[in-house]
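Position 159 of the first sequence, counted from 1, bears residue number 531 in this note's numbering, the numbering being contiguous throughout.
Report on one structure; see the data block that follows.
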Amino acid sequence: MVKVRFAPSPTGIQHIGGIRTALFNFLYAKANNGVFILRIEDTDQKRLVEGSVEAIIEMLKWLEIEPTGEIVHQSERLDLYKKYTKELIDKNIAYEKDGAVYVNVPDEKTFEWIDAVGNKKISFAGKDTEDFVILKSDGFPTYHLANVVDDHLMEITHVFRGEEWISSTPKHLYLYESFGWEPPMFAHLPVILGTDKTKLSKRHGAKSVLDYRDEGYLKETILNYMALLGWNPGGDREKISLDEMVKLFKLEDINSANPIFDSVKFEWLNGLWIRSIEDLDKRLEDFYAKDSEVLDVLKGDKAREIVSAAASRMKTLLDFKKLIDKKPSREKTEDEKKIAAKLLEVLNEKLGSDWSDEKLLLTMKEFSKENEVSFKLIFFLMTGKDSGIGILELNQIYGKEFFVKNLQS
RNA sequence: GGCGCCAUCGUCUAGUGGCCUAGGACACUUGGUUUUCAUCCAAGUAAUCGAGGGUUCGAAUCCCUCUGGCGUCACCA
């Protein structure tokens, strides 16, 4: 049975690239009726950052790629690592020095494995792998030991991790061999690069999943974009749901080149999802849960009309607030004020109390033609904005009063 | 620098020896729909497939060399 694990270290907030590893683990597990486990690699006491475990769990929960079973904390398994360290010392594979325990890798050995990404053989000579620490002087294991011991004990079948681990895989292979254990299948995922082609980091403005969520990105967008960055389900599709990913996910379709994160396409994709999800109103309510001003609008009797008028104009949920803002974006010039007054006069004269869409549109068109005033200007005079929700839509939502107020101000 | 991985439009990618005078998407440009903006629709610009050698009747696809990019060389993961 397939059993995989996502094994982050709680040393701060992970940026969006980190979560891709979790996604691929999840996809592979689900696609193969397997199990997906979360293991916290908290073996570096100095670098622990409070709250990062909670943040990881919250991210996975929000994205709906949740692990099953108990969460394993390596810091609670110290006895285990000590026991296996002793075993290696007894076998003369490990030795103590300066209070730490090292493993010596024989020069004559060769380590090779078939990596699932690219289905290629990777091999390293033993002489290129230095002696390495497995147990630190503070009694905590290093990644190398803890990782191998836990993966074996937890019966992990496939290890999905970042490509930066390739060069330490020989160490892990040697550990498996020394213990007499069968190594799992390795799948080293290409690292995501920033626009300057170096490993994506905060320096590039790469944010955490939670940051993107707070900026109005949908979980569908994040999952969709991260999955397609380096994986291709076949065909020309750009939009794919988590369920479909699970159905189509195949190891051999993962690319081995390093992709660059393109925030412009990412934003486009978010707009695409916003336009197509069924429960946009619900998403907005959740997103603006603490913003009573926006919430009032969303609970109002015109909510449906507003949301549907705003949908095609949003790239992020944050844009919604701007779209429904009634305040003019700038002052009118004196000339504009004159035209506004005239327009209001004409509207009152022609429409009276009947501001139906048809009559309003017809009158605006006539006014535009007769006075050589562009619709762009008319839109500004009537709404106070240079762009935004259409006049006829606003007529349905706010009605006459809104326009009159703008024309008079 | 040693070791390893990678290499198709600016970016994400399709492509596994002939269907490729290289397809799709984002971005960009132009036109259409339209009450502004956006959406939507149509068209266009953009890769001599990193370079050079092979193999083959035929190569983006296979092999070699080079170049470039990235990763890694911690009592961090």
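Each residue gets a CB set at the ideal place from its N, CA and C atoms; glycine is no exception.
Reduced DSSP category for residue i - H, G, I as helix; E, B as strand; rest coil
i              : result
histidine 368  : Outside the displayed span of the chain (373 to 781) sits residue 368, for which this structure offers no information.
serine 684     : coil
serine 495     : strand
histidine 530  : strand
lysine 322     : Because the chain here runs from 373 to 781, residue 322 falls outside it and cannot be looked at.
histidine 387  : coil
lysine 772     : helix
glutamate 639  : helix
valine 521     : helix
aspartate 697  : coil
isoleucine 626 : strand
arginine 377   : strand
tryptophan 603 : strand
threonine 705  : coil
aspartate 451  : helix
aspartate 608  : coil
leucine 689    : coil
isoleucine 587 : Looking at the sequence provided, one finds glutamate at residue 587 rather than isoleucine. The answer is coil: DSSP assigns glutamate 587 none of H, G, I, E or B.
lysine 619     : helix
Any non-hydrogen atom of the ligand GTP closer than 8 Å to residue i Cβ
i                 : result
phenylalanine 633 : No copy of the ligand GTP occurs in the structure displayed, which carries no ligand at all.
Rounded straight-line distance, which links the Cα of residue j to that of residue i
i                 : j                 : result
leucine 601       : threonine 567     : 14 Å
aspartate 500     : lysine 493        : 17 Å
phenylalanine 532 : leucine 410       : 12 Å
serine 458        : valine 473        : According to the sequence shown, residue 458 is lysine rather than serine. When rounded, the distance between both Cα atoms is 9 Å.
glutamate 738     : arginine 702      : 26 Å
alanine 427       : leucine 766       : 40 Å
proline 542       : methionine 617    : 32 Å
aspartate 673     : aspartate 653     : 13 Å
threonine 688     : alanine 682       : 11 Å
histidine 387     : lysine 611        : 22 Å
glycine 552       : lysine 455        : 15 Å
phenylalanine 378 : proline 439       : 8 Å
lysine 710        : proline 700       : 17 Å
lysine 693        : methionine 526    : 48 Å
isoleucine 385    : isoleucine 538    : 23 Å
valine 776        : leucine 420       : 59 Å
alanine 488       : aspartate 651     : 38 Å
serine 628        : leucine 641       : 23 Å
asparagine 321    : leucine 517       : The structure shown does not extend to residue 321, since the chain is modelled only from 373 through 781, so no value can be given for it.
proline 478       : tryptophan 485    : 18 Å
histidine 544     : leucine 595       : 30 Å
leucine 614       : alanine 599       : 9 Å
tryptophan 727    : tyrosine 660      : 32 Å
isoleucine 412    : valine 444        : 6 Å
lysine 622        : phenylalanine 396 : 10 Å
phenylalanine 496 : lysine 481        : 9 Å
glycine 389       : glutamate 549     : 32 Å
Environment of residue i [buried if 16+ CB atoms lie within 10 Å]
i                 : result
leucine 719       : buried
tyrosine 467      : exposed
threonine 705     : exposed
glutamine 322     : In the structure as shown, the chain starts at 373 and stops at 781, and residue 322 therefore has no counterpart that could be examined.
lysine 757        : buried
phenylalanine 398 : buried
lysine 402        : buried
glycine 607       : exposed
methionine 373    : exposed
glycine 577       : exposed
glutamate 592     : buried
aspartate 414     : buried
serine 759        : exposed
serine 381        : buried
phenylalanine 747 : exposed
threonine 570     : exposed
isoleucine 632    : exposed
aspartate 523     : buried
Per DSSP, the bridge partner or partners of residue i
i              : result
leucine 553    : At residue 553 the sequence reads tryptophan, which differs from the leucine that was named. Paired residues: none, contrary to the question.
valine 475     : Ala466 and Phe504
isoleucine 632 : Leu565
glutamate 592  : Answer by DSSP bridge pairing: none, since glutamate 592 is not bridged.
glutamate 484  : Ser495
alanine 559    : Phe532
proline 513    : Leu507
*Let me know the beta strand (DSSP E) ranges lying completely inside the stretch 395 to 445, each 3 residues or longer, listed in chain order.*
407 to 412
*Which ranges would you report for the alpha helix (DSSP H) in the stretch 642 to 681 if only whole runs of at least 4 residues count?*
You should have 652 to 659 and 664 to 671.
*Of all the alpha helix (DSSP H) runs that stay within the bounds of the stretch 719 to 768, which reach a length of 4 or more residues?*
729 to 743 and 747 to 755
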